[in-house]
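Residue numbers (the working numbering): 1 to 387.
Next comes the structure, spelled out in structure tokens:
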């Protein structure tokens with residue numbers, strides 16, 4: 001029986017995928033698996049029982065990845081599960097910024113008691129007129145699951161789309177329409193595009209990437225959209241650019257004291273993935289990842305350990321070892337089993353940066369003695385008998 005804990009409310013459609021072999025617990029100290037959305041785990045004391053964390057969403061800034069890795073805790077996310085919900089809101093952002101729809105709606109509210117509102121609207125509407133997006137140039141920074149969908153949808157709406165992603169995956173490239181113009185650097189997008197939308201992960205290299213220097217390279221009256229992470233944009237620089245007139249509008253899905261209520265800012269209350277469909281999709285994917293890891297040792301979509309899949313174990317036992325990515329580890333593992341006469345019938349070893357993962361199918365059940373020996377090998381974080 002596996003126990004799991006939810007740090008946030010998780011879609012019941014996702015939780016229904018757990019079988020009778022799983023039990024929900026309100027006490028995280030007993031949990032082997034954790035499901036989380038936005039709750040911060042940085043200040044938490046992670047229990048020794050915890051084997052895996054599944055984030056029902058893409059961003060994992062709320063999870064201490066290295067701390068988890070060094071405790072042998074695999075962290076998963078759900079890339080692409082909420083991509084359509086975010087894509088649709090980006091399209092809404094394009095329209096909200098190109099035409100002053102919000103201003104027009106507010107005018108109607110303010111004049112709701114006016115008996116001649118229909119006539120007055122004909123005079124007032126010129127104050128909210130804008131431009132169409134058809135024929136305009138859109139630059140997409142980051143062509144992952146969301147960026148590719150945005151690019152394809154914008155092409156379908158008649159926009160001329162430029163895309164930039166130095167780490168473009170084969171999978172993403174195959175899903176992208178050929179009308180998207182791939183460029184080799186962001187400067188070309190800055191110079192050419194009327195709209196720029198950001199879809200890159202937040203890390204040290206991308207934090208504050210849209211700053212005064214980047215904005216200076218952009219076209220006059222550019223519209224910038226940020227549905228990825230607020231810290232990707234230096235928002236003080238953005239406000240200065242709005243005030244000077246360089247940037248026409250800034251659309252963000254991340255309300256904070258810097259941009260909320262500021263002129264030229266259209267700030268949405270983090271609605272990108274907040275659709276019923278996105279929450280269901282993320283929950284189902286997170287539960288599937290958690291179950292496959294706990295039951296088979298399979299790692300898919302981890303952000304701190306390498307992908308690894310040996311399918312369902314057909315042998316007597318399977319042992320998983322999470323360890324440092326250093327030399328001589330495999331030799332020590334195989335020697336430990338060999339000395340007690342246990343044959344390894346199948347094995348996979350994968351690495352990702354400083355961390356590595358080894359799965360071994362064995363023809364005789366591993367006892368506590370051999371497991372303890374593996375745990376005592378220098379560089380081993382965790383040893384787990386999967387079967």
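Virtual Cβ for every residue (Gly too), placed ideally from N, Cα, C.
If you check the beta carbons only, do residue i and residue j fall under 7 Å apart?
i: residue 289; j: residue 54; result: yes
i: residue 144; j: residue 193; result: no
i: residue 267; j: residue 247; result: no
i: residue 74; j: residue 65; result: no
i: residue 224; j: residue 190; result: no
i: residue 197; j: residue 90; result: yes
i: residue 20; j: residue 51; result: no
i: residue 344; j: residue 362; result: yes
i: residue 183; j: residue 162; result: yes
i: residue 121; j: residue 282; result: no
i: residue 77; j: residue 60; result: yes
i: residue 261; j: residue 227; result: no
i: residue 148; j: residue 176; result: yes
i: residue 234; j: residue 264; result: no
i: residue 1; j: residue 23; result: yes
i: residue 25; j: residue 3; result: yes
i: residue 245; j: residue 323; result: no
i: residue 173; j: residue 215; result: no
i: residue 351; j: residue 325; result: yes
i: residue 72; j: residue 337; result: no
i: residue 286; j: residue 35; result: yes
In three-state terms, what does DSSP make of residue i?
i: residue 168; result: coil
i: residue 382; result: strand
i: residue 220; result: coil
i: residue 154; result: helix
i: residue 316; result: coil
i: residue 61; result: coil
i: residue 322; result: strand
i: residue 328; result: coil
i: residue 163; result: strand
i: residue 293; result: helix
i: residue 37; result: coil
i: residue 148; result: helix
i: residue 307; result: coil
i: residue 31; result: coil
Provide the residue span of the alpha helix (DSSP H) that contains residue i, from first to last.
i: residue 392; result: The first residue shown for the chain is 1 and the last is 387, placing residue 392 beyond what the model contains.
i: residue 102; result: 101-110
i: residue 419; result: No answer is possible for residue 419: the residues shown for the chain start at 1 and end at 387.
i: residue 97; result: 83-98
Just curious, the beta strand (DSSP E) that residue i is in, first and last residue?
i: residue 393; result: Residue 393 falls outside the range modelled here, since the chain spans only 1 to 387, and no answer is possible.
i: residue 362; result: 355-362
i: residue 76; result: 74-76
i: residue 412; result: Because the chain is modelled from 1 through 387, residue 412 falls outside the range shown and cannot be assessed.
i: residue 55; result: 52-55
i: residue 24; result: 22-24
i: residue 5; result: 2-6
Answer yes or no: the CB of residue i versus the heavy atoms of the ligand ATP, is any distance below 6 Å?
i: residue 106; result: As presented, the structure is devoid of all ligands, the ligand ATP included, so that no description of it is given.
Any beta carbon of chain D sitting closer than 7 Å to that of residue i?
i: residue 162; result: The chain inventory of the structure shown lacks chain D, comprising one protein chain alone.
Within the region 167-200, ranges of the alpha helix (DSSP H) (whole runs, at least 4 residues): 170-175 and 186-192
I'd like to know if the region 126-142 and the region 155-164 are in contact, where contact means that at least 3 CB-CB pairs between them fall below 8 Å. yes
Hey, which unbroken runs of the beta strand (DSSP E) at 3 residues or more fall wholly within the region 113-143? 137-141
Is it true that the region 298-312 meets the region 362-372, where meeting means three or more beta-carbon pairs spaced less than 8 Å apart? no
Do three or more CB pairs link the region 311-324 to the region 347-363 at distances below 8 Å? yes
At a cut of 8 Å, does the region 290-299 reach the region 108-117 through at least three beta carbon pairs? Output reads no: the region 108-117 does not touch the region 290-299.
The region 167-177 contacting the region 97-107, beta-carbon criterion three pairs below 8 Å: No contact exists between the region 167-177 and the region 97-107.
Going along the chain, which unbroken runs of the alpha helix (DSSP H) with 4 or more residues stay wholly within the region 200-280? 212-216 and 235-244
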